[in-house]
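Working notes for the structure below.
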Amino acid sequence: MSTFDWKKILQLGLIGGLVGVLIALVGMVEEFDERDIIAGTLSMGWTMLILTVLVTAYFAAGTSKMNNLLSIAAGALSGAVFSVVMSILTWMVDTFDLRQTLVNASPNLVKILTFEQGIPNGLIILIVAGAVVGALGSAIFILPDRYRKAVSLGLGMVAFLGLMQDIIQVSLAGFEGVSDAIVWMFGRGTESGLSVAGAIMVFLVVSIGNLLWETNAPKVNSQFNKLPQKSRRSLKWLGYGILFLVIIYLPAVLGLYLTEVVNATGLFILMGLGLNIVVGFAGLLDLGYVAFYAIGAYTVGVLTNLSGELTWSFGWNFWLALPAAIALAVFAGVMLGIPVLNMRGDYLAIVTLGFGEIIRILALSDFLKPSIGGSQGIVNIPPPQFLGVLVNNPQTLYYFIVAGAVLALFISQRLRDSRLGRSWKALREDEDVAQAMGINLVATKLMAFATGAAFSGLSGSILAAKLGTIYPHSFALLISINVLALIIVGGMGSIPGVFVGGLLLAGVPELLREFAEYRLLIYGALLVVMMQVRPEGFWPEATHKRELHEDSVDVELVAEGQEA
Amino acid sequence: MSLLSIENIHTYYGNIHALKGISLHIEKGEIVTLIGGNGAGKTTTLRTISGLLKPREGTVKLNGEDLSKYKAHEIVYKGISMVPEGRGVFARLTVTENLEMGAYSRKDSQEINRNMERVFNLFPRLKERRTQVAGTLSGGEQQMLATGRALMASPSILLMDEPSMGLAPVLVELIFDIIQQINKEGTTVLLVEQNALMALGIASRGYVLQTGQIVLNDSAAVLKSDPTVQKAYLGME
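The listed protein sequences derive, respectively, from chains V and P.
According to my numbering, the stretch in the first sequence is residues 1 to 564, in order.
According to my numbering, the stretch in the second sequence is residues 1001 to 1237, in order.
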């Protein structure tokens, strides 16, 4: 039965339109208009609006069971409604001067939204365009799963490459041959975004590539599994080898600025791996995680600084201070853990939140000013030396951070599959029952806090070495929240999820610094959408594992039994 | 010497005097049931035995050894295993993972494999569903899983808290059959039940608990024909 649910479709169109109005009024359309995704054709501001229409139409097409034609009509209708709402906004901005209250309701916004055609011509174009884009959105909905995935991936890739244009261009410019392709793809260097031909190219390559891969992946996989054990292993090692080489050569390719971005992301990932143990594995909601980061950084700062302004100036070698910093962080972790042993959920979150703030305020206090510098922080922390090389620029620090992340990765992976990892899992599910299974609650909880703190302490130590100076304001509550958010976005308890979350929430914002104003807004929207659409995160642990379980149950069972 | 003996225990929740001097003993190989109404202290007794609650007075002895110096998780290693009220399966873990969690206190992998085999023989349904997430099992299957999980620790005594709760009568019968089978294979069972008729049907002895005190204590057959028990717990006039 085909039914056309007018009310729902209009409602969706209105909601989409209001989101569009919000995007325009907070200034995103205007500001992002400067930056092109496809040079001269499609700006980033428009991309945001188009994306809104696509999503609206996608949902409109799914409101009720309809045949394809009706679905497209529904998409077009919702797109048109969206545009009508935007038109009303445009007309209002043009007619009344709203700038007193709505700063971003500027003539420039009108110009953008009417395609510089003026009212009413521009508005007619706007409505028609809305309907067309809406129809496209619902067309994506109609497509069979495989094609839908390929098309969305293709579009996503175009948007991503268009955004990252200058970065890609700069980092690949040095390579002969590649640069020609780059010039063709991105057009002249002065314009931002992909060239039209380049965008079409990227879209086709990614979409078709994805389609081919999706259709052939089972075949490739089964062929891989058919290979003898030995060549399978060597193929695997070849993969690791390539990955290793990429990691080694990355800073040389990326250049200073991008390496710096990678480093900042790496520190977040390192902290994420630690908090993932506390929150993801053991289910203990810790909002004061930044405290251990601060303790790590300050310990290194106090022990190694040469400023001569503080009461103590130990002048230790960094490599001596590092284990001390980690040990102190672990000690603090246990000290925090003991009083909160009997707390669960919200109570635990509040206490840890307080702990984080206590450490920050202590660092800021006049009371400790003589020894740790108060609001002036600690300056003149010498860079560490490794085998005679001074670790003082992003490119050398990079290796240091990668080494730390690999170590943390290895440790969390081993811990997850260990006896301790299993008791964390049980603890997360049900404390009482876990105890009835023979799990020592006290030891298990303290181990979670201690391990998490160790990673954070390591991360803090590297921060001190990286910056050479540390200030209390580097350890604000927002850091704890960021790290927690990256775990949630990546997938609670999932180790690869930490990397995905880190790249998305630490890496991408770092790259888009010019839009920093909107960072928290986008961040919040992303989290809300995540919780609605994909609460398990981008790379969830359990389901992933379960998928693997499906076909190898018997092998798994025997193997696990023997291991235990 | 009794396998498990409880002497005059008093357990409190804050100021509330929940158990007022309970004594009972269980011999090796028995099924003993503890019946009584809501709030009589049945669950509290089980939680005290398993160490989740500490009595203010009195002792719990296993094979003559006083358990008061052990924490809850250590008592599992001593051979007391509990099937908690309301099942308490790890909802987000698979059936197999739940069972492995039950074997947490065991280190011998051969023994664990044997136990896993045994559980799957007792509950073929669990074998069919071993990769399924426990939260998606039916109530009866969850009860089976909780029971199987407790058996994974190779207990000498199994404490079962209201296994019939919320189950269809057919399933209750199935569970009780299996309790008997577990018992025949050598595990002593202390069964706490509101469904007194069923419990007395499989138990050799029973204790009747009322507001924290044991009011009756006899063989199951005698209790079944006792007029007060019949009136209060068996619904007969």
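Yeah, the Cβ is synthetic: ideal placement off N, Cα and C, and Gly gets one too.
Everything numeric in this text was worked out from a predicted model, so none of it was measured.
| query | result |
| --- | --- |
| Chain P residues whose Cβ lies nearer than 9 angstroms to that of L441(V) | K1071, A1072, H1073 |
| Within chain V, the residues that S1050(P) reaches when beta carbons sit closer than 8 angstroms | A436 |
| Beta strand (DSSP E) segment containing N1008(P), residue limits | 1004-1013 |
| C-beta neighbour in chain P for E31(V), strict 8 angstroms | no |
| Same chain, Cβ closer than 6 angstroms to I358(V), five either side skipped, listed in chain order | none |
| Beta-carbon proximity check, I1022(P) vs I1035(P), cutoff 8 angstroms | no |
| Cβ pair S152(V), L287(V) closer than 8 angstroms | no |
| Inter-stretch contact at 8 angstroms, needing at least 3 Cβ pairs: the region 152-167 of chain V / the region 79-99 of chain V | no |
| From N210(V), G156(V), R416(V), G283(V), residue whose alpha carbon lies closest to that of Y147(V) | N210(V) |
| Cβ neighbours of V290(V) in the same chain (closer than 6 angstroms, five flanking residues each side left out) | G356, F475, I479, S480 |
| Delimiting residues of the beta strand (DSSP E) encompassing K1061(P) | 1057-1062 |
| Inter-residue CB distance, A448(V) and I326(V) (contact presumed, cutoff 8 angstroms) | Actually they do not touch by this definition, with Cβ atoms about 16 angstroms apart. |
| Short Cβ contact (8 angstroms threshold) for W539(V) with G502(V) | no |
| Where the beta strand (DSSP E) through V1083(P) begins and ends | 1080-1083 |
| As assigned by DSSP and simplified to three states, the class of L511(V) | helix |
| Spatially closest choice to S1002(P) from A1150(P), A1146(P), I1214(P), D1066(P), by CA coordinates | D1066(P) |
| Status (buried if at least 16 other CB within 10 Å, exposed otherwise) for A464(V) | buried |
| Alpha-carbon spacing of S231(V) relative to L328(V), whole angstroms | 46 angstroms |
| 8 angstroms contact criterion, which E1193(P) and S1164(P) should meet: CB distance rounded | 6 angstroms |
| Cβ shell of S78(V) (< 7 angstroms), same chain only, five flanking positions each side left out | I9, L12, G13, G16, T56, A57, A60, G134 |
| Sub-8 angstroms separation of V1083(P) and A1168(P) beta-carbons | no |
| Under the three-state DSSP convention, the category R414(V) falls into | helix |
| Integer-rounded CB distance, given that I1026(P) should sit under 8 angstroms from I1202(P) | Not quite, the Cβ-Cβ distance comes to about 15 angstroms (not below 8 angstroms), so this is no contact. |
| Whole-Å CB distance - V21(V) paired with L109(V), under 8 angstroms assumed | Contact doesn't hold; Cβ gap of about 11 angstroms is too wide. |
| For F386(V): DSSP bridge partner residues | V389(V) |
| Reduced DSSP category for V1215(P) - H, G, I as helix; E, B as strand; rest coil | strand |
| Residues that S1105(P) contacts on chain V, provided the C-beta gap is smaller than 8 angstroms | M437, G438 |
| Counterpart residues of M28(V) in DSSP-defined beta bridges | None; M28(V) has no bridge partner. |
| Under 9 angstroms from the C-beta of Q1153(P): neighbouring residues of chain V | It should be pointed out that residue 1153(P) corresponds to Ala in this sequence rather than to Gln. Under the 9 angstroms cutoff, chain V gives M437, G438. |
| Any C-beta of chain P under 8 angstroms from that of E429(V) | yes |
| Cross-chain neighbours of D432(V) in chain P, by beta carbon under 8 angstroms | L1052, P1084, G1088 |
| Beta-carbon proximity of V498(V) to L512(V), cut-off 8 angstroms | no |
| Chain-order list of residues whose beta-carbon lies under 8 angstroms from that of K568(V) (same chain, five-residue window excluded) | Any property of residue 568(V) remains undetermined from this structure, which presents chain V solely from 1 to 564. |
| Cβ distance (whole Å) where I401(V) is taken to contact G301(V) below 8 angstroms | With a Cβ gap of about 18 angstroms, I401(V) and G301(V) do not count as contacting. |
| Alpha carbon of K7(V) to alpha carbon of T63(V), nearest angstrom | 10 angstroms |
| Cutoff 8 angstroms: V1172(P) Cβ touching any chain V Cβ | no |
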